[in-house]
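Numbering (my numbering), first residue to last: 2 to 412.
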Ligand SMILES: Cc1cc2nc3c(=O)[nH]c(=O)nc-3n(C[C@H](O)[C@H](O)[C@H](O)COP(=O)(O)OP(=O)(O)OC[C@H]3O[C@@H](n4cnc5c(N)ncnc54)[C@H](O)[C@@H]3O)c2cc1C
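Structure representation (structure tokens):
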């Protein structure tokens, strides 16, 4: 019987809301540790941002602070898990390739920024270096003569997101987890300060633990999350026809706002230019593409790699990211109700976090604390109501995202 037709359980140990990368990762780690888990999604598995992204992954941080160290530790563990642990455990191949990634500078300002982040990342132990145009061209002959150089991050790369998410879901099923797609969770039930379960479109499920892994949709379930702490942000991607092996390394440019890679099938996938979208894509749950953004992305490919400028576009799509005010995800216990957890708001980079987040949160749920410093990701950090935007992914965009969030009524 198809999963969406199967009856929902009356009671489990843990309910996970959301069957994207993060929800499937948490379900896998909890089920592996013996918990009875049910995962609910309002659509299918991997139908949110996890099935609509660029597939780039890496690790590291350029912040020389305790927060930077915490980001570095969790993303480094994530990359280790993707490379060494999960392919073996899940007996699956999610086409992880780690040739290193470029961040290409097209002007002096970008070059200087990359030089300073390279320095900071090296101090934190990152394997990164600056390349001048000659060195860059020797690795990517199709790159434009007009760019200035690039930061090269060894060990980063790309993967096929669907395979990873479905591999985690299958791994969770093998340990007894149930998946119920097309079954939205409408309410989290709390009695006397303790979580008791959830109300879904198909009935109530009792559980002493509820994890909200609904990314951009999280504010629709946690109505006390301060406005602007986590907002939906639409991103768009286009894909060209296939060409020969021309770009071995995923690339970013313009403060990482534009990004892309050549897929295993030879197509060039590129995304970005959110600043050409209505309200910079902030506040929108509409998974629709818009011509100005796609034009910008097309021009980005042609500008960085002139010989690829005449390739035909064969596909495009939009997806919704969960952007947080400070650019950091929300991971941990939420609010005052015992048993309520959140893992959401992974901005533009969930594939550098999802696997390790599942492990860390499972440790926290089972043992009261994780083996990682999750303090900087405390989901309650905006509870004082003072939400101020300092999001590195949004910094430098045309408009002040805080204003946009307020105007859009924040979700
Ligand atoms: C265009 C684009 C490009 C991107 N590029 C990259 C990239 O190259 N590298 C990278 O690392 N990251 C990238 N990202 C970000 C990355 O996709 C996300 O960070 C990651 O997928 C987040 O995973 P998630 O499981 O938290 O969220 P999602 O995959 O969005 O999953 C949340 C799930 O919750 C479900 N849900 C919501 N509300 C409910 C409810 N009430 N009841 C039940 N279910 C519910 C949704 O249906 C959804 O399936 C990109 C994102 C986009 C949109």
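Note that CB positions come from ideal geometry on N, CA and C, so glycine has one too.
Remember, predicted model here, so these are calculated numbers, not experimental data.
(1) Rounded to whole angstroms, what's the CA-CA distance from residue 190 to residue 175? Just pull it up for me.
(2) Entirely within the stretch 117–196 and at least 3 residues each: give me those beta strand (DSSP E) ranges in chain order.
(3) In or out: residue 286 buried (at least 16 other Cβ within 10 Å) or exposed?
(4) Can you grab the Cα-Cα spacing for the pair residue 46 / residue 17, in whole Å?
(5) Can we count residue 82 as close to ligand 1, meaning its CB is less than 7 Å from some heavy atom?
(6) Please look up how many angstroms separate the CB atoms of residue 270 and residue 55, rounded, as I've assumed it's under 8 Å.
(7) Report buried or exposed for residue 217, applying the criterion of at least 16 other Cβ atoms within 10 angstroms of its Cβ.
(8) At a cut-off of 7 Å, is residue 174 close to ligand 2 when judged by its beta-carbon and the heavy atoms of the ligand?
(9) Look at the Cβ atom of residue 201, then the Cβ atom of residue 186, and state whether they are nearer than 8 Å.
(10) Taking 8 Å as the cut-off, does the stretch 81–93 touch the stretch 229–239 (at least 3 CB pairs, one atom from each stretch)?
(11) What distance in whole Å lies between the Cβ atoms of residue 260 and residue 57, which are believed to be in contact at a cut-off of 8 Å?
(12) Using CA atoms only, rank isn't needed, just tell me which of 251, 75 and 6 is closest to residue 330.
(13) I need the straight-line Cα distance from residue 9 to residue 182, nearest angstrom please.
(14) Over the uninterrupted beta strand (DSSP E) stretch that includes residue 358, give me the two end residues.
(15) Taking 7 Å as the line, does the beta carbon of residue 352 fall inside it for any heavy atom of ligand 1?
(16) How big is the Cα-Cα spacing for residue 282 and residue 297?
(17) Using 8 Å for Cβ pairs, my map puts residue 240 next to residue 268. What's the rounded Cβ distance?
(18) Quick check on residue 248: does DSSP put it in helix, strand or coil?
(19) Is DSSP giving residue 352 helix, strand or coil here?
(20) So within the stretch 302–353, which uninterrupted beta strand (DSSP E) runs reach at least 3 residues, ignoring any that extend past its ends?
(21) Check whether the stretch 115–132 touches the stretch 144–158, counting contact only when three or more Cβ pairs, one atom from each stretch, lie closer than 8 Å.
(22) List in chain order: all unbroken beta strand (DSSP E) runs of 3+ residues lying wholly within the stretch 31–91.
On the basis of the supplied data:
(1) Taking the straight line from one Cα to the other gives about 28 Å.
(2) Every beta strand (DSSP E) of 3 residues or more that sits fully in the stretch 117–196 is shown, in chain order, as 129–133, 150–154, 179–181 and 186–192.
(3) Under this definition residue 286 is an exposed residue.
(4) If I take the Cα positions, the gap works out to 12 Å.
(5) Outside the cutoff, so no.
(6) Right, the Cβ-Cβ distance comes to about 6 Å (below 8 Å), so this counts as a contact.
(7) Buried, by the Cβ-count rule.
(8) Within the structure as shown, ligand 2 is missing, the only ligands being ligand 1.
(9) Taking 8 Å as the Cβ cut-off, residue 201 and residue 186 qualify as a contacting pair.
(10) The stretch 229–239, when compared against the stretch 81–93, does not touch it at the 8 Å Cβ threshold.
(11) Confirmed, about 6 Å.
(12) Looking from the CA of residue 330, the closest CA among 251, 75 and 6 belongs to 75.
(13) One alpha carbon belongs to residue 9, the other to residue 182, and they sit about 11 Å apart.
(14) Element bounds for residue 358: not the beta strand (DSSP E) but the alpha helix (DSSP H), 355–368.
(15) The beta carbon of residue 352 sits closer than 7 Å to at least one heavy atom of ligand 1.
(16) Cα to Cα, residue 282 sits roughly 14 Å from residue 297.
(17) About 5 Å separates the beta carbons of residue 240 and residue 268, which is inside the 8 Å limit, making them a contact pair.
(18) If DSSP states are grouped into helix, strand and coil, residue 248 belongs with coil.
(19) Residue 352: helix per DSSP, three-state reduction.
(20) Entirely contained in the stretch 302–353, the beta strand (DSSP E) runs reaching 3 residues are, in chain order, 314–325, 331–334 and 341–345.
(21) At 8 Å Cβ cutoff, the stretches touch.
(22) You should have 38–41.
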